[in-house]
Amino acid sequence: MTKLTKYQLCMLAGGAVSVFFAYFQQYCENWFGMTEQTQSWLNNSYLCFGYGLIAGVVIIFLYNRVQDNIREQELIKRRRIALRLLRQPLYRLLGALAAMHKATDKHYDMPVDIPIHDLFDENYFKNAIHLDFGKLLYPQYPTLNHFTWFRSFSERVDRLTSVADKVIWKYSDYLETDMVDLLEKLNDSFFAEWAKGLPNSFKRYDEIGLKIPGYYPGRMDGAVPEAFQEFVGNFLTVINNYNCWVDTDKKIKFNSKIASVDLGSALLDQEQLEYQSKSIRESLIARGKIKEG
C-alpha cells in the first residue's frame with residue numbers, strides 16, 4: 000500500500016500553510032505597510048508556491064502508486080510461475096503417498112472423499128512403514144518388472160526436491176517466507192535423502208546385500224519412520240499454502256481418483272499398461288530373448 004513519506008507530508012503541510020497564508024493576506028489591509036502592487040505580487044507568489052508543493056506531492060504519490068501496482072502485478076505473475084512449477088511434483092508425490100497404504104501387507108480401509116490432512120492419520124503412518132519398496136508396481140505384467148516402488152517413489156521425491164530447489168533459487172523473493180522455509184525443509188530432510196538414495200541402496204543390495212544377514216534397504220526402519228512423518232507433515236503444509244494462493248480450479252485436492260488407484264495406475268492407465276507390456280513383449284520376442292506363446 001502506497002504511503003506518504005515524512006518528507007512528502009512536510010511538503011504537503013508547507014503547501015497548505017502557504018495557500019492559507021495567501022488567502023489570509025487578502026483580508027488584511029495595509030499588510031506591513033506594503034503597497035497594493037507588492038501585496039498582490041506576494042499573494043500570487045504564496046499561492047503558486049503552495050499549489051506547486053501540493054501538486055508535486057500528488058504527482059509523486061500517484062507515480063509511486065502506479066509503480067507499486069506494477070510491482071504487485073509482477074510479484075503475482077512470478078508467484079504464479081513458481082506455484083505452477085510446483086503443482087505437478089506435489090500432485091504426483093501426493094498420489095504416491097496416498098497409494099502407500101494400498102501397497103503394504105497391512106489392511107487399511109481408506110475413505111474416498113476426505114480432506115487431504117485426514118488421510119495421513121496415525122493408522123496411515125503405522126501401515127506405511129511396512130511398505131516393501133522392492134515390490135513391483137505391475138506384478139500382473141511380467142514384462143514391466145523394471146517398474147518398482149523404489150524407482151518410482153524415488154523419482155517423485157527427487158523431482159519435487161529438484162523443482163523446490165529451483166523455485167527457492169529463482170523465485171524466493173516472490174513467495175512468503177513460510178513457504179520458502181518449508182521448501183527448504185523438504186529439500187534438507189533426512190527422509191528425502193533416504194528416498195532419493197533407494198536406487199543406489201538396492202544396487203548395493205544386489206551386489207553385496209545377500210551376504211549381510213538381516214540387511215534389506217527396502218523398508219523404513221531406524222530413524223526413517225520419524226523422518227517420514229515429519230516430511231509428510233511439511234509436505235501437507237506446502238500443499239495447504241499452495242492452495243491458499245491459487246484459483247479454485249488449480250487447487251490440489253484429494254479425490255477418489257487418487258484414493259482408488261495404486262501408484263502404478265497413477266503413472267499409467269490400464270490401456271497404456273497393456274500397450275506398453277505388449278510392445279515390450281514383442282520387442283523381446285523379436286530379439287529372441289523370449290519365446291512366443
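Here the sequence shown stands for residues 0 to 292, numbered as in numbering that gives the first Met the number 0. Each residue gets a CB set at the ideal place from its N, CA and C atoms; glycine is no exception. Given the structure is predicted, the values throughout are model-derived calculations rather than measurements.
Have a look at the DSSP bridge pairing and note the partners of residue i.
i: L135; result: T147
Closest to residue i by C-alpha separation, out of the options, would be which residue?
i: G133; options: N68, A194 and F190; result: A194
i: E73; options: R150, L174, I115 and L85; result: L174
i: L82; options: T176, A163 and G196; result: A163
i: L181; options: V166, N233 and R203; result: N233
i: E229; options: L185, D117 and A95; result: L185
i: F124; options: W148, F149, A98 and L136; result: A98
i: M219; options: L93, Y241 and D131; result: D131
i: L118; options: D246, V231 and V245; result: V231
i: R158; options: K249, L93 and N242; result: L93
i: I115; options: L235, F60 and K76; result: L235
i: E154; options: N122, P198 and E121; result: P198
i: H129; options: G196, V65, K76 and P224; result: P224
i: D246; options: Q66, E121 and R86; result: R86
Hey, would you say the C-beta of residue i is under 7 Å away from at least one heavy atom of the ligand GTP?
i: A191; result: This structure lacks the ligand GTP, and indeed carries no ligand of any kind.
Does the beta-carbon distance from residue i to residue j come in below 8 Å?
i: A226; j: S200; result: no
i: I251; j: L89; result: yes
i: A95; j: F152; result: yes
i: L84; j: K165; result: yes
i: N239; j: D177; result: no
i: V179; j: I167; result: yes
Kindly give me the distance between the Cβ atoms of residue i and residue j, rounded to whole angstroms, as I take these residues to be in contact under 8 Å.
i: A191; j: T160; result: 5 Å
i: I80; j: Y214; result: I80 to Y214, Cβ: 45 Å. No contact.
i: P216; j: Y204; result: 5 Å
i: F149; j: L135; result: Wrong, their Cβ atoms sit about 11 Å apart, outside the cutoff.
i: R91; j: W244; result: Their Cβ separation, rounded to whole angstroms, is 19 Å, which puts R91 and W244 out of contact at 8 Å.
Exercise for the section: With a floor of 4 residues, list each alpha helix (DSSP H) that falls wholly inside the stretch 214-255, ordered by position along the chain. Expected result: 223-244, all fully within the stretch 214-255.
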